[in-house]
Amino acid sequence: MSATPLTAVPSALPLPPFRGRIGCDARSGHYAAPRRYRLHLSLSCPYCLRIAVTHSLLGLDDILPVTLLSSVPDGPDGGHSTLRRLYEASSHRYPGPAAAPVLSDDWTGRIVSTYTPDILRDLARRFGDGPDCPVLYPHGAEAELAAVGRLCEQGINEAAQYAGQAGTDRTARDTALATLFRALDSLERRLTRQDHILGDELTAADVQLWVALVQLDTVHRWHLDATAVRRIADHPHLWSYARRLAAHPAYGSHLDLDGIARRHHAHCQGLEAAGAAVQILDWAAHAPDRVTARLG
């Protein structure tokens, strides 16, 4: 693995409403069993997209069904109306939005977890243990995986969003862009000498980074000026890596570009900038013609 450090400023994340785990055996309550659990995902959501890609990489179609939800949440509180009954069955008079992603238990009709990092790890460690499955969470790589996660969330997603936010003053915008460029520069240096972000093998870090790059090019660039987007694009190894992963069926087959655009425009209150015209990758070359629900 490369010794290049991956750092980002700390950030507080909201607590998930449900955070159960899949255990090793029957004593855990939620133990791994074929077709017991179900994922509820909206592919326009970056957290759901990470789960969908991981689910495909691990080849879990036959043992863990997926229900795809609408691209734009239809609830007045930003949730999905089709998930409301599931949320209320899991918590009496649940007051918050019935949001995706959700890992539910079909045996009990209740939610196991809505926390993406736990869902991803349980998919890999409790279901994705076959001989042909990639090792997405290699032993001893926990610190580097966490560092990449911080870099994606804070150095890319949060920095790009803040830089394009309406009303952000010039100094704050420049600081956010500097954070974004440092993150991209760090990743570019790594990818000049290795195929994946932690080395030669694909890991969960590659899933998270790829989704962050999708968001950067399909969402955040709409609110950045053309100069900033051209500088973002000036990372040839990073974007070649993103294109290579998009060509992998487990990645590109889940791209819902129309859904991402509709979700973005439904909730975004920012102003479109000149960077919107500077597309970095042709994501449509790898996206399916349409996304259909898979009902198990």
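Take 57 as the starting number for the sequence shown in my numbering and just add one per residue.
Where is the CB? At the ideal position from N, CA and C, for every residue including glycine.
Here the structure is a predicted model, which means the values were calculated and not measured.
For Val204, the enclosing alpha helix (DSSP H) begins and ends at 198-206. With respect to the C-alpha of Val263, the residue from Glu328, Val191, Arg226 having the closest C-alpha is Val191. Around Ser127, the same chain offers Ser98, Leu99, Ser100, Asp312, Asp314, Gly315, Ile316, Arg318, Arg319 as residues with beta carbons nearer than 8 Å, after the five sequence neighbours per side are excluded. DSSP places Ile253 in the coil class of the three-state scheme, outside both helix and strand. In the displayed model, Leu301 falls within a helix according to three-state DSSP. Secondary structure at Tyr103: helix, using DSSP grouped into helix, strand and coil.
In the structure shown, Thr274 adopts helical secondary structure according to DSSP, grouped into three states. Under the DSSP assignment, Asp185 falls outside any alpha helix (DSSP H); it carries neither an H nor an E label. Just measuring C-alpha positions, the residue of Arg75, Ala322, Pro187, Pro153 sitting nearest Gly135 is Pro153. Here Trp163 is exposed, its C-beta having fewer than 16 other C-beta atoms within 10 Å. The Cβ neighbour count for Ser296, taken over all protein chains shown within 10 Å, is under 16; the residue is labelled exposed. Contact fails between the segment 231-251 and the segment 170-185, because fewer than three Cβ pairs, one in each stretch, are under 8 Å apart. The alpha-carbon of Ala155 is positioned some 16 Å away from that of Gly165.
DSSP places His96 within a strand segment (E or B) once states are collapsed to three. Within a 10 Å sphere around the beta-carbon of Ser137 sit fewer than 16 other beta-carbons, which makes this residue exposed.
Judged by DSSP secondary structure, Arg166 falls within the beta strand (DSSP E) whose first and last residues are 166-169.
Leaving aside the five residues that flank Asn213 on each side, the residues in its chain whose CB is nearer than 7 Å to its CB run, in chain order, Ala268, Gln271. Taking all protein chains shown into account, Cys80 has fewer than 16 neighbouring C-beta atoms within 10 Å of its C-beta and is therefore exposed. Boundaries of the alpha helix (DSSP H) around Ser146: 140-146. Nearest neighbour of Ile119 by Cα position, chosen from Leu258, Ala303, Ala261, Ala89, turns out to be Ala89.
A straight-line Cα-Cα distance of about 11 Å links Val168 and Arg92. Taken through DSSP and simplified to helix, strand or coil, Thr224 comes out as coil. DSSP lists Tyr93, Arg166 as the beta-bridge partner residues of Asp161. For Thr248, there is no enclosing beta strand (DSSP E), as DSSP gives it neither H nor E.
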